[in-house]
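Working notes for the structure below.
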Amino acid sequence: MKKMMELALGIVTSVGGFLEIGSITTAAQGGAIFGFKLVWAVLLGGLCVAFLVEQSGRLAAVSGHTIPDAIRERFGFNYYLFLLAVLALVTLLVLGSEIGGVCVALEMATGVRFQWWALAVALLMWLIIWKGTFSVVEYGTSILGLVTLCFVAGAVVLHPPWKQVAAGAVPTLPSHDRLRYWFIAVSILGASVSPYLMFFYSAGAVEDEWKEDYVAVNRFIAGTGMGFGTLISVAVLVVAALVFLPRGIQVDHYSQLGLILRDAFGAWGFWLVVASLFVACLGAAMEVTLELAYMVAQGFGWNWSENQPPKEEARFSLTYTAFIVLGALLVAVGIDPLRLTIFSMALTAATLPVAIVPFLFFMNDSDYVGEHTNSWFSNVVVVAIIGLAFVLAVVTIPLEIFGGG
Amino acid sequence: MDLVRDCLDKQLVDRHGRRMGRVDGIVIEIGGDAQPRVASVEVGVVTQVSRLHPRLGRFAARLARRWGKAAGDPYRIPWSQITATGVNVTAGVEAEKTPAFAWEKWLRAKVVGRIPGA
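Chains as they are written, first to last, in the working numbering: chain Z, 1389 to 1793; chain L, 18 to 135.
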């Protein structure tokens, strides 16, 4: 019974927590400029992340250790510190994007410029994390996050040509803007396959005290949760393709996002977008914050848990406080949230190799996962993802320069 | 036991299972004709930084002597108190009373404890 409940909650978490500023904007841009042609990138990203998240959860359930733990233990202090420096920098930009997303939602609702909201949003996040427990952060935002299903409803209401949507699952080159096409494809992949998501998931499994008998539960949650989540991203892309493409709107300003559901739901559509953006980005901002602090605390072996009062873990709670301040500053100084998002999603794709290569080692290490080591099939998939990650890492920066505009 | 694989960088927990840092270094005594002997494990920023580069380590040691909260960083735990258990390493000490918790206690008293709701 307890497990059924957790299963249900786990899937709600993955569905309600899937969308964030990165997946919304990259999918919306993809649909607005290239119609259904980039559906494959969303699906590929979802498939990769489902595999990696399943492995993160399995590692944590069997060993009680998270990915940063295992990286420090198996690859040593220097590699860990290198990874921390790279990921913390990129993840901090992602945090800025998420806080920016919350602020954009508030600007859309009130008309007050986004940067004025940064400190208020930072304070709200900090209060929830400071006073709340892991369940409050995880389930609270995820259950409210189910509002993002409005994109799926919107896609259905608009009666898209399903055959063409399905055809987008197979990559084809567009006749125009090829560099832009690849840049958005890379951003979509970076938005879905982000290291912070896997690291956070493994820490969550430890916070929720998963044990070895959760291996099956974990597999089910990772598969269905990420599957449904990917479906919502596809829905965003489909709606954008139907609404923006015919009107020539390229989503180069975040205020255009407010129009995305108007054809489907009229005036209500605007408020559904505002609510979705607010909840999804607030949830993601808190998860990213915690993940940054987890990554530091775990690597150095400090006491960490979102379930203990801050004074039981002073270093951990000050670390997340500092990250919230830094993330909010990025928004408060007025950096455009849309540009920051696109930039940080592509950069995330560039960091994937350093974060994913270690999986191949500890997912085959019986000291960690006991008899639950990767099957040959999972290993083949991880090797393929690593190959993809290396390609992304090499092409991202040139694409950022030539195709980002 | 393989020292680097099974001990170095492992999560160090105290006798109550409380996380108290990681095995940042291992001290081995080599003297005369006697066999090399594992003397202790080290915990602390100075040891961590030394692993990046010895010169950085000396610099960190100077800073630690000047500003550090932990007397005698790096903190050494005698090997006799260490047991490696699976993916963790247990030290038969009380984490709160060791220099490994000096910064934690200082921050708790001076900063976090003063913020409401902590």
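Ideal placement from N, C-alpha and C gives every residue a C-beta, glycine not left out.
Computed from a prediction, not measured in an experiment: that's the story for all the values here.
- For the set Z:Leu1440, Z:Leu1780, Z:Asp1596, Z:Ile1421, the Cα lying nearest the Cα of Z:Tyr1527 is the one of Z:Asp1596.
- A direct Cα-Cα distance of roughly 10 Å separates Z:Leu1477 from Z:Leu1680.
- Rounded to the nearest angstrom, the Cβ distance from Z:Tyr1682 to Z:Pro1456 is 7 Å, consistent with a contact under 8 Å.
- Secondary structure of Z:Gly1556 (DSSP, three-state): coil.
- Excluding five sequence positions before and after Z:Glu1486, the CB atoms of its chain that fall closer than 7 Å to its own CB belong to Glu1408, Ile1409, Cys1669, Ala1672, Ala1673, Val1676, given in chain order.
- According to the DSSP assignment, Z:Tyr1468 belongs to no beta strand (DSSP E) but to the alpha helix (DSSP H) extending over 1455-1498.
- Taken through DSSP and simplified to helix, strand or coil, L:Met18 comes out as coil.
- The beta carbon of L:Arg72 does not come within 8 Å of any beta carbon belonging to chain Z, so the residue lies off that interface.
- Under the three-state reduction of DSSP, L:Ser57 is assigned to strand.
- For Z:Ile1774, the enclosing alpha helix (DSSP H) stretches over residues 1764-1791.
- In its chain, beyond the 5 residues on either side, Val1427, Trp1428, Leu1431 have a beta carbon closer than 8 Å to the beta carbon of Z:Ala1557.
- If one requires a minimum length of 4 residues, the alpha helix (DSSP H) runs lying completely within the stretch 1539-1620 of chain Z are 1550-1555, 1566-1580, 1583-1595, in chain order.
- Closer than 8 Å to the CB of Z:His1453 there is at least one CB belonging to chain L.
- Closest by C-alpha distance to Z:Gly1404, out of Z:Ser1664, Z:Phe1653, Z:Gly1657, is Z:Ser1664.
- Look at L:Val106 here: in three-state DSSP terms it is strand.
- Taking each of Z:Met1496, Z:Leu1469, Z:Ala1604, Z:Ala1396 in turn and checking the Cα distance to Z:Glu1442, the smallest one comes out for Z:Ala1604.
- An exposed status is given to L:Ala126, since fewer than 16 other beta-carbon atoms sit within 10 Å of its beta-carbon.
- For L:Ala81, no chain Z residue has a Cβ inside 8 Å of its Cβ, as the nearest lies near 15 Å away.
- Spatial neighbours of Z:Phe1470 in its own chain (CB-CB distance under 6 Å, excluding positions within 5 residues in sequence) are not present.
- Just so you know, the alpha carbons of Z:Leu1534 and Z:Gly1542 end up roughly 14 Å apart.
- Any Cβ of chain L closer than 8 Å to the Cβ of Z:Glu1495 would place that residue at the interface, and such an atom is absent.
- Using beta-carbon distances, Z:Tyr1584 does not count as an interface residue toward chain L, since no partner is under 8 Å.
- Within the same chain, Cβ atoms closer than 6 Å to the Cβ of L:Ser67 are found at Gly74, the five residues on either side in sequence being excluded.
- For Z:Ile1744, the enclosing alpha helix (DSSP H) has its first and last residue at 1725-1750.
- Contact between the stretch 1770-1778 of chain Z and the stretch 1729-1744 of chain Z is present, with at least three C-beta pairs closer than 8 Å.
- Excluding sequence positions up to five before and after Z:Val1594, its CB lies within less than 7 Å of the CB of Ala1448, Gly1452, Thr1454, all in the same chain and listed in chain order.
- For L:Lys27, at least one C-beta of chain Z is nearer than 8 Å to its own C-beta.
- Unbroken alpha helix (DSSP H) stretches of 4 residues or longer found wholly inside the stretch 1635-1673 of chain Z: 1650-1653, given in chain order.
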